[in-house]
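Engineer: Dropping a structure here in structure tokens format, bear with me for questions.
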Amino acid sequence: MSDIFEIQHDSHLLVYADDIFLYNSGTNWNKTIGEMQESLNKISVWCKKWKLSTSPEKSSLLNFSRKRSTIPPLLKICDKPIPEVKSLKILGIIFDPNTTWKNHINYLRQKGFKYLNAIKALSSPKIGTRSDHLLNIINATIRSIFDYGSQLFSFSSNSNRQKLEPIYNAALRLALGLPRNTPLDLLRAESMNGNINSRHNFLCQKFITKQIALKDWSPNARLFWNIDSNFYKYREKEISIFQKTINLLQELCISKVDILQWIPPPPIYDNRKINIYTHELPFQNKDLPDDIVQNMFNDYIQPKFNNNIIIATDGSKNTNQTSIGILIPKKKFDKISY
Numbered sequence: 001m002s003d004i005f006e007i008q009h010d011s012h013l014l015v016y017a018d019d020i021f022l023y024n025s026g027t028n029w030n031k032t033i034g035e036m037q038e039s040l041n042k043i044s045v046w047c048k049k050w051k052l053s054t055s056p057e058k059s060s061l062l063n064f065s066r067k068r069s070t071i072p073p074l075l076k077i078c079d080k081p082i083p084e085v086k087s088l089k090i091l092g093i094i095f096d097p098n099t100t101w102k103n104h105i106n107y108l109r110q111k112g113f114k115y116l117n118a119i120k121a122l123s124s125p126k127i128g129t130r131s132d133h134l135l136n137i138i139n140a141t142i143r144s145i146f147d148y149g150s151q152l153f154s155f156s157s158n159s160n161r162q163k164l165e166p167i168y169n170a171a172l173r174l175a176l177g178l179p180r181n182t183p184l185d186l187l188r189a190e191s192m193n194g195n196i197n198s199r200h201n202f203l204c205q206k207f208i209t210k211q212i213a214l215k216d217w218s219p220n221a222r223l224f225w226n227i228d229s230n231f232y233k234y235r236e237k238e239i240s241i242f243q244k245t246i247n248l249l250q251e252l253c254i255s256k257v258d259i260l261q262w263i264p265p266p267p268i269y270d271n272r273k274i275n276i277y278t279h280e281l282p283f284q285n286k287d288l289p290d291d292i293v294q295n296m297f298n299d300y301i302q303p304k305f306n307n308n309i310i311i312a313t314d315g316s317k318n319t320n321q322t323s324i325g326i327l328i329p330k331k332k333f334d335k336i337s338y
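Below, the structure written as structure tokens:
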């Protein structure tokens with residue numbers, strides 16, 4: 001299906017397996033509908049070429065707009081109209097016309113309640129599941145379901161996102177055997193898990209930072225690089241998580257340019273060769289004195305790796321921090337710690 005992207009049309013195309021998503025945007029209603037219909041006609045011709053059948057009754061049309069239009073959009077595929085819907089699920093995410101994400105969050109609540117009933121059974125004294133095991137199960141099921149796609153429904157109102165908190169809190173109380181009137185601060189301290197809303201904000205900020213780092217390798221990077229003070233203010237009284245991320249970087253005196261850029265790995269067919277020795281070399285023996293190891297190291301390295309860059313590393317960690325030391329004699333580079 002790769003040649004489907006070679007079709008020349010004015011709309012945008014997304015393909016996942018045998019699912020095709022076509023979308024377009026604009027301020028002129030008639031022009032946007034015309035471009036969409038032209039794209040659908042070309043895709044229909046492509047399907048006939050490869051003897052693929054399309055199902056108009058299984059197709060869906062969703063109009064993303066906050067304006068109430070009295071003229072419903074009419075699009076056809078194979079000369080049959082595509083039914084208009086009020087919500088559409090794409091890769092597990094339910095989109096609605098006004099992008100309030102209420103339908104998707106209600107869908108998450110239904111799935112969360114199903115897993116919550118399973119947690120109730122597992123937390124029964126008759127089964128005797130340990131609290132730490134229950135917490136792992138909760139985070140692998142309920143929390144992971146709530147996390148999926150959180151970068152999108154972070155645009156939803158705070159009151160809407162708060163609907164997920166009671167389910168997660170109830171699961172944590174069951175895992176720890178705490179009563180329903182347990183204060184939330186105590187519950188989070190005992191479980192060592194924060195609230196869902198803060199976690200989603202963190203995941204969204206992490207996603208934004210990663211897209212900025214990817215730069216040209218990400219289709220979203222240009223969007224985030226061009227964010228200004230008036231960008232993504234989707235409500236008068238509320239600033240989006242995207243703008244909050246940019247504000248946070250500015251408070252930390254971190255420019256978008258200062259974010260480490262992602263460098264693609266060299267291709268597997270590259271001629272460069274990297275050898276890693278862990279214990280094969282003669283001086284890699286902890287029983288030898290330090291001065292002997294140093295002399296053996298110099299005697300071995302100089303004749304064999306004279307034209308190579310030698311990088312010596314060491315690392316250590318404790319409960320508070322992790323550090324790594326790097327020594328590159330030719331580069332006069334001492335160490336990095338974090």
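Note that the sequence shown ends on residue 338 in UniProt numbering; no numbers are left out.
Built from N, CA and C at the ideal position, the CB exists for glycine as well.
1. From the DSSP output, read off the bridge partner residues of Val293.
2. Where Ala189 and Tyr23 are concerned, what is the direct C-alpha to C-alpha distance, given to the nearest angstrom?
3. Just tell me which of Ile167, Gln37, Ile310 and Glu35 has its CA closest to the CA of Lys111.
4. So, helix, strand or coil for Lys67, using DSSP?
5. If we call anything under 8 Å between Cβ atoms a contact, is Leu187 one with Leu178?
6. Buried or exposed: where does Arg130 fall if 16 or more other Cβ atoms within 10 Å of its Cβ makes it buried?
7. Identify every residue that forms a DSSP beta bridge with Ile93.
8. Beta-carbon within less than 6 Å of Tyr148's beta-carbon, same chain only, minus the 5 sequence neighbours each way: which residues are those?
9. What's the call for Phe146, buried or exposed, on a 16-neighbour Cβ count within 10 Å?
10. State whether the region 160–175 contacts the region 209–222, with contact taken as three or more CB pairs (one from each stretch) at a distance under 8 Å.
11. With distances taken from CA atoms, which of Ile105, Phe305, Val85 and Ile77 is nearest Arg161?
12. Using a threshold of 8 Å, state whether the C-beta atoms of Ser59 and Ile77 are closer than that.
13. When you compare each of Leu134, Arg199, Leu91 and Gln151 to Leu14 by their alpha carbons, which one comes out closest?
14. Asn298: buried (16+ other C-beta within 10 angstroms of its C-beta) or exposed?
15. What is the residue span of the beta strand (DSSP E) that Leu14 lies within?
Structural biologist: So, from the data block:
1. Looking up residue 293 in the sequence shown gives position 293. For Val293, which the question treats as bridged, DSSP gives no partner whatsoever.
2. Indexing the sequence shown from 1 puts residue 189 at position 189. Indexing the sequence shown from 1 puts residue 23 at position 23. Going from the Cα of Ala189 to the Cα of Tyr23 covers about 45 Å.
3. Mapped onto the sequence shown, residue 111 falls at position 111. It is Ile167.
4. For the purposes of this step, residue 67 is identified with residue 67 of the sequence shown, where counting begins at 1. If DSSP states are grouped into helix, strand and coil, Lys67 belongs with coil.
5. Along the sequence shown, read from residue 1 onward, the residue named residue 187 stands at position 187. Along the sequence shown, read from residue 1 onward, the residue named residue 178 stands at position 178. Taking 8 Å as the Cβ cut-off, Leu187 and Leu178 qualify as a contacting pair.
6. Along the sequence shown, read from residue 1 onward, the residue named residue 130 stands at position 130. Counting Cβ neighbours within 10 Å, Arg130 comes out exposed, since fewer than 16 surround it.
7. The count along the sequence shown starts at 1 and reaches residue 93 at position 93. DSSP lists Ile90 as partners of Ile93.
8. The count along the sequence shown starts at 1 and reaches residue 148 at position 148. Contacts found: none.
9. Counting from one through the sequence shown, the residue named residue 146 turns up at place 146. Result: buried.
10. no
11. Taking the first residue of the sequence shown as 1, we reach residue 161 at position 161. When each option's Cα is compared against that of Arg161, the closest is Ile105.
12. Taking the sequence shown and counting its residues from 1, one reaches residue 59 at position 59. Taking the sequence shown and counting its residues from 1, one reaches residue 77 at position 77. Going by C-beta atoms, Ser59 is nearer than 8 Å to Ile77.
13. Stepping through the sequence shown from its first residue, residue 14 is reached at position 14. If we check each option's Cα against that of Leu14, Leu91 comes out closest.
14. Residue mapping note: residue 298 aligns to position 298 of the sequence shown, counting from 1. Counting Cβ neighbours within 10 Å, Asn298 comes out exposed, since fewer than 16 surround it.
15. Here residue 14 refers to the residue found at position 14 of the sequence shown. Leu14 -> beta strand (DSSP E) spans His12 to Tyr16.
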